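Reviewing the structure listed below.
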Amino acid sequence: MAYYRKVGSLPPKRHTQHRTPEGGLYFEELMGEEGFSSDSSLLYHRTIPSAIVDAEPWALPDQATEPNHPLKPRHLKLHDLFAADAAQHLDVVTGRRLVLANTDVRISYVVAAGTSPLYRNGIGDECVYVESGRGVVETVFGALPFREGDYVLLPRATTHRWVPEGPVRAYVIEANSHITPARRYLSKFGQLLEHAPFCERDLHGPGEPLLVEEKNVEVLVKHRGNPVAGTRFVYPEHPFDVVGWDGCLYPYTFNIADFEPVTGRVHQPPPAHQVFEGHNFVICNFVPRKVDYHPLAIPVPYYHANVDSDEVMFYCGGDYGARKGSGIGQGSVSLHPGGHSHGPQPGAYERSIGAEFFDELAVMVDTFNPLELGEGGRAVEDEGYAWTWARKEPA
1 MAYYRKVGSL
11 PPKRHTQHRT
21 PEGGLYFEEL
31 MGEEGFSSDS
41 SLLYHRTIPS
51 AIVDAEPWAL
61 PDQATEPNHP
71 LKPRHLKLHD
81 LFAADAAQHL
91 DVVTGRRLVL
101 ANTDVRISYV
111 VAAGTSPLYR
121 NGIGDECVYV
131 ESGRGVVETV
141 FGALPFREGD
151 YVLLPRATTH
161 RWVPEGPVRA
171 YVIEANSHIT
181 PARRYLSKFG
191 QLLEHAPFCE
201 RDLHGPGEPL
211 LVEEKNVEVL
221 VKHRGNPVAG
231 TRFVYPEHPF
241 DVVGWDGCLY
251 PYTFNIADFE
261 PVTGRVHQPP
271 PAHQVFEGHN
281 FVICNFVPRK
291 VDYHPLAIPV
301 PYYHANVDSD
311 EVMFYCGGDY
321 GARKGSGIGQ
331 GSVSLHPGGH
341 SHGPQPGAYE
351 RSIGAEFFDE
361 LAVMVDTFNP
371 LELGEGGRAV
381 EDEGYAWTWA
391 RKEPA
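Per UniProt numbering, residue 1 is the first one in the sequence shown, and the count goes up by one each step.
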């Protein structure tokens with residue numbers, strides 16, 4: 001995210017002495033992408049950021065997946081994944097259950113009310129959509145308040161922890177790459193352009209340093225392995241010892257209510273709803289909006305086959321007219337695989353004629369490699385969904 005910010009105490013020039021009030025030195029750390037060749041930030045620590053005193057394996061939640069075979073559309077009911085009282089015993093990091101995944105992206109879901117351990121994802125950026133709840137993500141860059149409808153963007157290797165104010169429902173999109181605003185919205189220097197459906201004013205980063213004094217602090221790290229591995233590090237001093245930072249790489253929030261939808265006389269294709277992208281996947285959101293106003297328009301989507309991608313839709317608010325009769329509701333995920341035509345349920349095509357407004361809220365992930373089912377997805381599948389277009393029960 002090439003949008004410069006500076007927070008806290010900094011020296012006038014980078015890579016020069018920055019002294020404490022007592023005359024000692026702060027320790028400068030460069031956090032950068034693509035081998036010093038892309039976005040970066042400089043953080044100034046009170047203690048040496050690379051010092052560790054212990055390391056041991058950390059057993060990750062179940063990361064195993066199974067192919068979508070036989071190939072068919074699927075409906076996963078995420079609100080059935082956790083018992084009613086589960087949130088009190090879980091946190092947003094260790095309580096996640098894997099729903100769908102491939103080599104580029106992993107999608108998980110969690111319901112949690114507890115404070116998470118300190119955590120760092122060393123594999124890729126995380127984009128967490130907050131379906132409900134509020135709280136603070138404490139990070140090495142500072143505190144980041146979040147609320148319902150926020151996307152929380154956490155760059156790879158950002159040490160952080162989730163501190164909910166109560167139960168939180170979170171839809172977690174983890175990349176094996178970086179996640180940025182859609183490139184077609186950006187100038188060659190990284191500014192969001194006039195045709196973009198949001199702007200820099202809608203992005204909210206940490207406002208001040210978060211200084212914590214504590215010794216022998218544990219941090220869970222997810223990192224590259226076979227297929228993925230975890231390590232529990234112990235730091236002699238708390239990682240939240242940064243007195244100031246500046247740069248273009250940092251965590252931020254963007255609320256889905258600040259997305260300005262693109263509309264037209266006839267139906268707009270999904271790229272009109274795109275918000276972020278990563279390597280081999282994109283993230284779109286469908287928000288309440290005026291719909292097609294051509295006198296002969298059919299406002300619901302036409303039937304379509306994404307021959308190059310799998311389409312995952314998370315239904316998180318409103319009334320999604322195209323899905324009536326399918327069993328899909330709040331908290332549902334639909335998976336429509338590449339090579340299979342899909343579209344509105346029987347009757348939705350006709351019912352939509354004359355509609356002027358859709359009150360719907362959904363987060364979509366399109367992947368360019370096939371997705372497999374994680375244990376969470378397999379646990380809450382609606383086995384009858386694939387047959388709903390034919391109006392018959394499964395054999």
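Don't be surprised by glycine CBs; every beta carbon is placed ideally from N, CA and C. Note that the structure is predicted; figures quoted are calculated from it, not measured.
What residues are listed by DSSP as bridge partners for S41? Residue mapping note: residue 41 aligns to position 41 of the sequence shown, counting from 1. Looking at the DSSP output, S41 sits in a beta bridge with M31, G247.
Give me the Cβ distance between Y252 and G327, rounded to the nearest whole Å; I'm assuming they're in contact under 8 Å. Here residue 252 refers to the residue found at position 252 when the sequence shown is read from its first residue. Here residue 327 refers to the residue found at position 327 when the sequence shown is read from its first residue. Between G327 and Y252 the Cβ distance is about 36 Å, and since that is not below 8 Å, they are no contact.
For L81, is the classification buried or exposed, using 16 other Cβ atoms within 10 angstroms of its Cβ as the cut-off for buried? The residue labelled residue 81 in the question sits at position 81 within the sequence shown. When all chains shown are included, L81 counts as buried.
At which residue ranges does the segment 62-96 contain complete beta strand (DSSP E) runs of 3 or more residues, listed in the order of the chain? Fully enclosed beta strand (DSSP E) runs of 3 or longer: 65-67, 74-77.
Rounded to the nearest angstrom, how far is the Cβ of P344 from that of R391, given a contact under 8 Å? Taking the sequence shown and counting its residues from 1, one reaches residue 344 at position 344. Taking the sequence shown and counting its residues from 1, one reaches residue 391 at position 391. 14 Å between Cβ atoms; not a contact.
Using only CA atoms, which one of K13, P11, P12, E33 lies nearest to L249? Position 249 of the sequence shown, counting from 1, holds the residue named residue 249. Distance check between L249 and each of K13, P11, P12, E33 places E33 closest, using alpha-carbon atoms only.
Do A362 and residue 398 count as a contact pair if the criterion is CB distance below 9 Å? A query on residue 398 cannot be resolved here, the shown segment of the chain reaching from 1 to 395 and no further.
Cα-Cα separation, V111 to Y293: The residue you call residue 111 lines up with position 111 of the sequence shown. The residue you call residue 293 lines up with position 293 of the sequence shown. Counting only the Cα atoms, Y293 lies some 39 Å from V111.
Mapping DSSP to helix, strand and coil, what is P270? For the purposes of this step, residue 270 is identified with residue 270 of the sequence shown, where counting begins at 1. In the structure shown, P270 sits in a helix (DSSP, three-state: H, G or I).
Determine, using beta carbons only, whether R147 and V130 come nearer to each other than 9 Å. The sequence position of residue 147 within the sequence shown is 147, counting from 1. The sequence position of residue 130 within the sequence shown is 130, counting from 1. Cβ atoms of R147 and V130: closer than 9 Å.
Skipping 5 residues on each side, what residues in its chain have a beta carbon closer than 6 Å to that of V217? Translated into the one-based positions of the sequence shown, residue 217 becomes position 217. Same-chain partners within the cutoff: Y235, H238.
Rounded straight-line distance, which links the Cα of A182 to that of Q274: Residue mapping note: residue 274 aligns to position 274 of the sequence shown, counting from 1. Residue mapping note: residue 182 aligns to position 182 of the sequence shown, counting from 1. In this structure, the alpha-carbon of Q274 lies about 7 Å from that of A182.
Quick one: grab the DSSP three-state call for T388. Taking the first residue of the sequence shown as position 1, residue 388 is located at position 388. In the three-state reduction of the DSSP assignment, T388 falls in the helix class.
For F146, which residues does DSSP report across the bridge? One-based indexing of the sequence shown puts residue 146 at position 146. DSSP lists G135 as the beta-bridge partner residues of F146.
Pop quiz: D150 and N255 are said to be a contact at Cβ under 8 Å. What is the actual Cβ separation, rounded to whole angstroms? By one-based count along the sequence shown, residue 150 stands at place 150. By one-based count along the sequence shown, residue 255 stands at place 255. For D150 against N255, the beta-carbon gap comes to about 5 Å, under 8 Å, which counts as contact.
Can you tell me the Cα-Cα spacing of L153 and D125, whole angstroms? Looking up residue 153 in the sequence shown gives position 153. Looking up residue 125 in the sequence shown gives position 125. Roughly 7 Å between the two C-alpha positions.
Through-space distance from W162 to E208, alpha-carbon basis: Residue mapping note: residue 208 aligns to position 208 of the sequence shown, counting from 1. Residue mapping note: residue 162 aligns to position 162 of the sequence shown, counting from 1. Looking at the two C-alpha atoms, the distance is approximately 17 Å.
With Y349 as the anchor, note down where its alpha helix (DSSP H) starts and where it stops. Counting from 1 along the sequence shown, the entry for residue 349 is found at position 349. Start and end: 348-351.
Assuming contact is defined by CB atoms lying nearer than 9 Å, are F314 and L90 in contact in what I supplied? Against the sequence shown, residue 314 aligns to sequence position 314. Against the sequence shown, residue 90 aligns to sequence position 90. Not a contact, by the Cβ cut-off of 9 Å.
Cβ contact (3+ pairs, closer than 8 Å) linking the segment 104-122 and the segment 362-373: As far as the Cβ criterion goes, the segment 104-122 touches the segment 362-373, which means the pair count is three or higher.
Please state the DSSP three-state secondary structure of R46. Along the sequence shown, read from residue 1 onward, the residue named residue 46 stands at position 46. Reduced to three states, the DSSP call for R46 is coil.
Range of the contiguous beta strand (DSSP E) that encloses E375: As a working mapping, residue 375 is identified with position 375 in the sequence shown. Careful: E375 lies outside any beta strand (DSSP E), inside the alpha helix (DSSP H) at 375-379.
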